[in-house]
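Peer 1: Chains as they are written, first to last, in our numbering: chain H, 42 to 500; chain X, 42 to 500.
We put the CB at the ideal spot given by N, CA and C, even for glycine.
Just so you know, these numbers come straight off a predicted model, no measurement behind them.
Number of protein chains: 2
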Amino acid sequence: MTPTTPGRKLRFGTAGLLGPEIEEMVREAPEELAEATETVHPADLAEIAEDLSQEDRGVLINNLPADRAGEVIEHLDPGLLKDTLAALDLERAARVLRAMAPDERADAVGSMEREAAEAVLARLPRADREETRRLLAYPRHSAGGLMTPDFLAFPPEEKVAAALDRVRDAAPDVETIYALYVVNGSGRLAGLLSLRDLLTSPGEAPLAEVMRTDFVSANVQTDQEEVAHLISKYDLLALPVVDAENRLLGIVTADDVMDVLVEEATEDVQKMAGVAPIESGYFQSSFWLMARRRAGWLSLIFLGQLLTTPALEFFESTMRGTMQLVLFLPLILSTGGNSGSQSATLITRGLALGDVQGSDAGRVALREVLTGLLMGSFLALIGLARAVWVTGQMDIALAVGVAVAAVAMAGATIGGLLPLLIRRLGLDPAVVSSPGVASLMDVTGIVVYFSVARLILSV
Amino acid sequence: MTPTTPGRKLRFGTAGLLGPEIEEMVREAPEELAEATETVHPADLAEIAEDLSQEDRGVLINNLPADRAGEVIEHLDPGLLKDTLAALDLERAARVLRAMAPDERADAVGSMEREAAEAVLARLPRADREETRRLLAYPRHSAGGLMTPDFLAFPPEEKVAAALDRVRDAAPDVETIYALYVVNGSGRLAGLLSLRDLLTSPGEAPLAEVMRTDFVSANVQTDQEEVAHLISKYDLLALPVVDAENRLLGIVTADDVMDVLVEEATEDVQKMAGVAPIESGYFQSSFWLMARRRAGWLSLIFLGQLLTTPALEFFESTMRGTMQLVLFLPLILSTGGNSGSQSATLITRGLALGDVQGSDAGRVALREVLTGLLMGSFLALIGLARAVWVTGQMDIALAVGVAVAAVAMAGATIGGLLPLLIRRLGLDPAVVSSPGVASLMDVTGIVVYFSVARLILSV
Numbered sequence: 042m043t044p045t046t047p048g049r050k051l052r053f054g055t056a057g058l059l060g061p062e063i064e065e066m067v068r069e070a071p072e073e074l075a076e077a078t079e080t081v082h083p084a085d086l087a088e089i090a091e092d093l094s095q096e097d098r099g100v101l102i103n104n105l106p107a108d109r110a111g112e113v114i115e116h117l118d119p120g121l122l123k124d125t126l127a128a129l130d131l132e133r134a135a136r137v138l139r140a141m142a143p144d145e146r147a148d149a150v151g152s153m154e155r156e157a158a159e160a161v162l163a164r165l166p167r168a169d170r171e172e173t174r175r176l177l178a179y180p181r182h183s184a185g186g187l188m189t190p191d192f193l194a195f196p197p198e199e200k201v202a203a204a205l206d207r208v209r210d211a212a213p214d215v216e217t218i219y220a221l222y223v224v225n226g227s228g229r230l231a232g233l234l235s236l237r238d239l240l241t242s243p244g245e246a247p248l249a250e251v252m253r254t255d256f257v258s259a260n261v262q263t264d265q266e267e268v269a270h271l272i273s274k275y276d277l278l279a280l281p282v283v284d285a286e287n288r289l290l291g292i293v294t295a296d297d298v299m300d301v302l303v304e305e306a307t308e309d310v311q312k313m314a315g316v317a318p319i320e321s322g323y324f325q326s327s328f329w330l331m332a333r334r335r336a337g338w339l340s341l342i343f344l345g346q347l348l349t350t351p352a353l354e355f356f357e358s359t360m361r362g363t364m365q366l367v368l369f370l371p372l373i374l375s376t377g378g379n380s381g382s383q384s385a386t387l388i389t390r391g392l393a394l395g396d397v398q399g400s401d402a403g404r405v406a407l408r409e410v411l412t413g414l415l416m417g418s419f420l421a422l423i424g425l426a427r428a429v430w431v432t433g434q435m436d437i438a439l440a441v442g443v444a445v446a447a448v449a450m451a452g453a454t455i456g457g458l459l460p461l462l463i464r465r466l467g468l469d470p471a472v473v474s475s476p477g478v479a480s481l482m483d484v485t486g487i488v489v490y491f492s493v494a495r496l497i498l499s500v
Numbered sequence: 042m043t044p045t046t047p048g049r050k051l052r053f054g055t056a057g058l059l060g061p062e063i064e065e066m067v068r069e070a071p072e073e074l075a076e077a078t079e080t081v082h083p084a085d086l087a088e089i090a091e092d093l094s095q096e097d098r099g100v101l102i103n104n105l106p107a108d109r110a111g112e113v114i115e116h117l118d119p120g121l122l123k124d125t126l127a128a129l130d131l132e133r134a135a136r137v138l139r140a141m142a143p144d145e146r147a148d149a150v151g152s153m154e155r156e157a158a159e160a161v162l163a164r165l166p167r168a169d170r171e172e173t174r175r176l177l178a179y180p181r182h183s184a185g186g187l188m189t190p191d192f193l194a195f196p197p198e199e200k201v202a203a204a205l206d207r208v209r210d211a212a213p214d215v216e217t218i219y220a221l222y223v224v225n226g227s228g229r230l231a232g233l234l235s236l237r238d239l240l241t242s243p244g245e246a247p248l249a250e251v252m253r254t255d256f257v258s259a260n261v262q263t264d265q266e267e268v269a270h271l272i273s274k275y276d277l278l279a280l281p282v283v284d285a286e287n288r289l290l291g292i293v294t295a296d297d298v299m300d301v302l303v304e305e306a307t308e309d310v311q312k313m314a315g316v317a318p319i320e321s322g323y324f325q326s327s328f329w330l331m332a333r334r335r336a337g338w339l340s341l342i343f344l345g346q347l348l349t350t351p352a353l354e355f356f357e358s359t360m361r362g363t364m365q366l367v368l369f370l371p372l373i374l375s376t377g378g379n380s381g382s383q384s385a386t387l388i389t390r391g392l393a394l395g396d397v398q399g400s401d402a403g404r405v406a407l408r409e410v411l412t413g414l415l416m417g418s419f420l421a422l423i424g425l426a427r428a429v430w431v432t433g434q435m436d437i438a439l440a441v442g443v444a445v446a447a448v449a450m451a452g453a454t455i456g457g458l459l460p461l462l463i464r465r466l467g468l469d470p471a472v473v474s475s476p477g478v479a480s481l482m483d484v485t486g487i488v489v490y491f492s493v494a495r496l497i498l499s500v
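1) Please classify F369 of chain H as buried or exposed, where buried requires at least 16 neighbouring CB atoms within 10 angstroms.
2) Give me the subset of the region 467–486 of chain X whose CB atoms are less than 8 Å from a CB atom of chain H, sorted by chain position.
3) When you compare the region 108–123 of chain H with the region 86–93 of chain H, are there three or more beta-carbon pairs, one atom per stretch, that lie closer than 8 Å?
4) Going straight from the alpha carbon of D300 of chain H to that of L353 of chain X, what length do you get?
5) Kindly examine the ligand COA and report whether one of its heavy atoms sits closer than 7 Å to the Cβ of L289 of chain X.
6) Quick check: the Cα distance between A440 of chain X and Q398 of chain H, rounded to an integer number of angstroms?
7) Does the Cβ of P243 of chain X have 16 or more other Cβ atoms within 10 Å, making it buried, or fewer, making it exposed?
8) In whole angstroms, give me the CA-to-CA distance for M42 of chain X and D276 of chain H.
9) Taking only three categories from DSSP, how would you classify I463 of chain X?
10) Just how far apart, CA to CA, sit T46 of chain X and G322 of chain H?
11) Name, going along the chain, the residues of the region 68–92 of chain X whose beta-carbon falls closer than 7 Å to a beta-carbon of chain H.
12) Assuming the contact rule is C-beta atoms closer than 8 Å, V484 of chain H and T349 of chain H should be a hit. Round their C-beta distance to whole Å, please.
13) If I'm right that N532 of chain H touches R133 of chain H with Cβ under 8 Å, what's the distance once you round it to whole angstroms?
14) Taking contact to mean 3 or more Cβ pairs, one atom from each stretch, closer than 8 Å, check whether the region 315–333 of chain X and the region 376–394 of chain H are in contact.
15) Show which residues of chain H have a CB atom less than 8 Å away from the CB atom of A295 of chain X.
16) Would you decide whether W338 of chain H is buried or exposed? Buried here means 16 or more other CB atoms lie within 10 Å of its CB.
17) Using a Cβ-Cβ distance under 8 Å, would Q311 of chain X count as near chain H?
18) In the DSSP output, which residue or residues are listed as bridge partners for D264 of chain X?
19) When you compare the CB positions of L392 of chain H and D297 of chain H, do they come within less than 8 Å of one another, or not?
20) Pull up the distance between the alpha-carbon of R49 of chain H and that of L221 of chain H, whole angstroms please.
21) Determine the closest residue to A163 of chain H out of H:Y179, H:G185, H:V201, H:R136, with distance taken between C-alpha atoms.
22) Residues in the region 420–451 of chain X with C-beta within 9 Å of chain H's C-beta atoms, listed in sequence order?
23) Contact criterion: CB-CB distance below 8 Å. Does R288 of chain X meet it with respect to chain H?
24) Check distances from the C-beta atoms of the region 199–225 of chain H to those of chain X and list, in chain order, the residues that come in under 8 Å.
25) When the Cβ atoms of the region 268–275 of chain X are set against those of the region 233–250 of chain X, are three or more pairs found closer than 8 Å?
26) Counting only Cβ pairs nearer than 8 Å, list the residues of chain H close to S273 of chain X.
27) Taking only beta-carbon atoms, is R404 of chain X less than 8 Å away from chain H?
28) Please return the same chain residues whose Cβ sits closer than 6 Å to the Cβ of Q29 of chain X, not counting the five positions on each side in sequence.
29) In whole angstroms, give me the CA-to-CA distance for D469 of chain X and I463 of chain X.
30) When you compare the CB positions of V293 of chain X and A279 of chain X, do they come within less than 8 Å of one another, or not?
31) How would you write the range of the beta strand (DSSP E) that A220 of chain X sits in, first residue to last?
32) State the Cα-Cα distance for the pair A426 of chain X and R139 of chain H, rounded to the nearest angstrom.
33) Given that G322 of chain H touches chain X, what residues does it touch there, using C-beta distances under 9 Å?
34) Hey, could you find the ends of the beta strand (DSSP E) V293 of chain H is sitting in?
35) Can you tell which of X:P281, X:M66, X:Q346, X:L289 has its C-alpha closest to the C-alpha of M482 of chain X?
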């Protein structure tokens with residue numbers, strides 16, 4: 042975030058109220074937009090902009106002063122960046138980008154089409170251009186892709202009082218003045234301190250004496266999920282990012298990490314529902330993008346699900362012989378799927394939060410077998426009672442009851458172990474989606490149910 | 042969090058390494074624990090403590106100095122608080138609680154059995170006891186339940202330089218010195234400023250002249266999800282919490298909100314998988330608690346799923362007549378369920394993030410009908426081809442194809458609209474779990490499939 046100038050008046054939470062008013066102004070008097078929105082918080086203005094049509098959004102951004110436009114774009118849904126920037130002419134886009142914080146600027150340029158990005162980069166001052174290129178070289182979801190190179194660093198011999206003066210001078214422009222870094226001649230991170238530490242240290246002490254040398258840092262390549270985990274675990278204001286030689290390259294601040302936490306949670310939720318991750322909001326994503334993200338997994342699961350046909354064919358004679366068995370087929374299959382979804386979700390989330398480790402397979406299996414058996418036995422009683430009532434035949438009812446219990450147990454166990462297996466293969470356990478587990482359990486359920494029925498009914 | 046004393050050496054990320062060493066020390070030389078763990082970060086020590094048995098954890102906490110024990114307890118999984126505190130004798134528990142930050146202390150006391158809580162409260166100094174009782178009176182998931190009353194406030198006429206001196210004096214003890222509040226005689230919040238603002242303002246100016254009067258605050262009753270949303274949207278360091286008369290009661294800091302974001306996301310994930318929310322980690326929750334949380338929804342869905350039996354009974358003659366229809370039943374039912382899970386998840390998450398509003402039903406319906414139809418048509422072609430191959434009968438294949446498309450579309454539409462309906466009823470849309478939608482779609486799927494088949498096969 043760009044630090045807000047003190048004293049500037051901003052209204053908060055006015056997006057809903059002002060939306061219609063601003064939409065009208067966009068169409069009828071766009072030249073009045075700058076003044077009319079002067080006191081609206083950029084986060085609210087971004088929210089209003091998100092609800093406008095693409096064309097109207099372009100008009101709004103085009104009529105704001107460059108620095109305001111930059112602030113609004115920093116708060117915009119990432120899925121809208123590309124088209125919004127494309128609506129500006131190159132000169133204007135360059136001016137808006139110059140006004141943005143370096144990390145946000147790199148994200149914005151990174152979202153543009155290659156040619157447009159190059160054209161706009163050519164119009165940036167050399168230092169900004171090179172900084173942006175450097176930041177764009179890091180993977181988007183790494184510490185490098187998240188960090189800002191805009192931090193305050195001091196030599197170890199600098200005195201506390203002098204450092205405090207420098208903090209005051211830099212305060213209006215820098216990303217944060219609360220996390221301060223001590224860097225030696227070759228750019229290596231020697232220590233860090235908070236502004237709190239600085240304010241409570243004697244003025245004549247050199248920083249080397251008061252800095253903390255026990256701190257946690259991230260390599261530029263570290264995944265953003267790990268960055269978020271470190272900042273949240275140790276309650277940090279900011280995390281320093283270094284290269285392999287321990288040279289300080291940038292910092293990730295706590296507010297950037299909040300967005301990461303929400304984004305990662307959303308991704309996990311989507312994957313677990315069998316949707317390939319979508320970065321933008323529901324209405325901000327194009328119809329075609331979203332259809333593709335959904336159709337992929339849905340088709341894959343459909344293909345897997347085709348196996349239920351030969352499984353049923355195999356038991357065709359059993360079905361023909363005792364047609365009433367079919368009446369309970371969906372009940373049994375869904376029980377396995379639901380029980381499996383529950384445990385797959387619990388274990389996947391546990392892995393994401395670090396509560397469950399890859400090496401816990403034994404403990405997970407034990408817990409899931411017992412939980413599945415317990416829940417399954419309870420459901421089996423209901424199923425059995427219902428089957429007696431519907432068919433009046435004890436042997437069919439018994440087959441239903443035993444199958445319900447067995448399938449609930451198998452679902453819990455397979456659903457619990459699958460994410461661990463996937464993790465061990467080096468893949469993301471969240472790909473074990475609920476629909477995926479449910480489909481796997483359908484095939485399992487068919488085999489279990491009719492095998493049990495054959496045994497009990499001796500057909 | 043309690044501010045860490047500058048200069049104290051702490052090692053980070055040593056939990057995995059030290060775990061076994063500390064476990065051994067707990068058993069063989071507990072008196073050495075305090076010194077041996079002196080330099081371990083409390084977050085790491087809490088991680089180690091979480092992996093110990095309940096008894097060993099009690100020994101570890103009992104052998105740490107009271108302030109260290111308090112820091113470790115602040116980082117502990119909330120599900121373990123009760124039993125860990127119960128393992129301490131009352132005098133010691135009171136000493137540990139005194140060392141904790143007020144908000145964390147209230148959470149800890151709130152987790153204890155009523156009698157134990159009263160006994161330990163009686164041993165706290167009067168001021169701490171009253172503060173704790175006041176905090177405990179707010180709902181746990183409200184701004185009041187989250188806030189700390191430990192903030193820096195100044196009168197409006199105080200000069201910048203004097204305020205800065207006070208900040209320095211308070212720095213070692215207070216929760217944050219970066220967010221500062223201006224409060225008038227009757228305790229009403231008049232304005233706020235950051236330490237950054239204070240450092241860049243002229244020393245002789247009264248705070249009333251340099252403070253921000255445009256800010257966002259939360260009422261004590263505000264839900265924690267809304268608090269998290271405000272802090273993350275406006276990139277705040279802290280959010281002031283006021284009563285109905287605008288009196289400043291406390292602040293919620295950004296680091297507390299990170300835990301809330303993770304907790305709320307986990308709850309939503311669990312609910313969507315048909316698990317009642319569990320606050321603790323997978324292994325930290327007792328077997329019985331977790332089984333109950335899972336069995337509830339699973340049983341409810343099982344009862345709903347019983348409706349598939351009469352639905353199938355109704356079509357029994359159709360099935361008997363064309364047994365091969367049954368071979369594709371699981372395929373068709375799961376397609377509806379999977380398509381429904383996808384859209385239910387996307388809309389539920391969209392509602393949680395504010396991307397989708399309760400009033401968007403029309404737009405959602407349009408998008409889901411089209412998406413469902415598009416994906417369904419594609420899957421229908423695969424299904425049709427497969428059915429021709431298996432049965433060699435064009436009419437059965439046609440019934441399968443049409444049913445797949447219809448069920449995919451119905452699933453997407455119903456799955457998308459259901460969370461909106463639930464929200465409109467004032468309930469939490471996350472209760473529309475994937476298993477719930479899948480089961481609903483099973484009944485729908487049976488009716489659609491066999492009705493289509495009857496039409497096409499004229500049976």
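Peer 2: Considering the structure as presented:
1) The residue is buried, with at least 16 neighbouring Cβ atoms inside 10 Å.
2) Here the close residues are S475, P476, A479, S480, D483.
3) The answer is yes - the region 86–93 of chain H touches the region 108–123 of chain H, with three or more Cβ pairs under 8 Å.
4) Approximately 48 Å, taken between the alpha carbons.
5) As for the ligand COA, it is missing from this structure, which has no ligand bound.
6) Spanning the alpha carbons of A440 of chain X and Q398 of chain H requires a straight line of approximately 47 Å.
7) Exposed is the label assigned to P243 of chain X, since fewer than 16 other Cβ atoms lie within 10 Å of its Cβ.
8) Any reading at M42 of chain X must be qualified, since the residue scores a pLDDT of 40, below 50, and its modelled position is unreliable; the value itself is stated next. Their backbone Cα atoms lie some 8 Å apart in a straight line.
9) DSSP places I463 of chain X within a helical segment (H, G or I) once states are collapsed to three.
10) Reliability of the predicted coordinates at T46 of chain X is poor, the pLDDT of 42 falling under 50, and the value obtained from them is presented with this limitation in mind. So the two alpha carbons sit approximately 43 Å from each other.
11) Listed by position along the chain: H82, A84.
12) V484 of chain H to T349 of chain H, Cβ: 6 Å. Contact.
13) One cannot answer for residue 532 of chain H here, as it falls past the ends of chain H, which runs 42 to 500.
14) Contact between the region 315–333 of chain X and the region 376–394 of chain H is present, with at least three C-beta pairs closer than 8 Å.
15) What A295 of chain X touches in chain H: A295, D296, M299.
16) Label assigned to W338 of chain H: buried.
17) Closer than 8 Å: yes.
18) DSSP, once it has assigned bridges, lists X:S183 as partnering D264 of chain X.
19) Taking 8 Å as the Cβ cut-off, L392 of chain H and D297 of chain H do not qualify as a contacting pair.
20) At R49 of chain H the pLDDT is 46, less than 50, meaning the model places this residue with poor confidence and gives no usable figure here.
21) The shortest Cα separation from A163 of chain H among H:Y179, H:G185, H:V201, H:R136 belongs to H:R136.
22) Answer in chain order: L420, I423, G424, R427, A428, V431, V445, A449.
23) No, because no Cβ of chain H sits closer than 8 Å to the Cβ of R288 of chain X.
24) Cβ contacts with chain X come from V208, R209, A212, P213, I218, Y219.
25) No contact exists between the region 268–275 of chain X and the region 233–250 of chain X.
26) Going along chain H in sequence order, the residues near S273 of chain X (Cβ under 8 Å) are D296, M299, D300, V303.
27) Taking Cβ atoms only, chain H reaches closer than 8 Å to R404 of chain X, which makes this a yes.
28) Residue 29 of chain X is absent from the model: chain X starts at 42 and stops at 500.
29) When rounded, the distance between both Cα atoms is 7 Å.
30) Between V293 of chain X and A279 of chain X, the C-beta spacing is below 8 Å.
31) Taken as a continuous stretch (DSSP letters only), the beta strand (DSSP E) holding A220 of chain X covers 220–224.
32) The straight-line gap from Cα to Cα measures roughly 57 Å.
33) The answer, in chain order, is G391, L394, G395, D396, V397.
34) Run containing V293 of chain H: 289–294, per the beta strand (DSSP E) assignment.
35) Comparing Cα-Cα distances from M482 of chain X to each of X:P281, X:M66, X:Q346, X:L289, the minimum goes to X:Q346.
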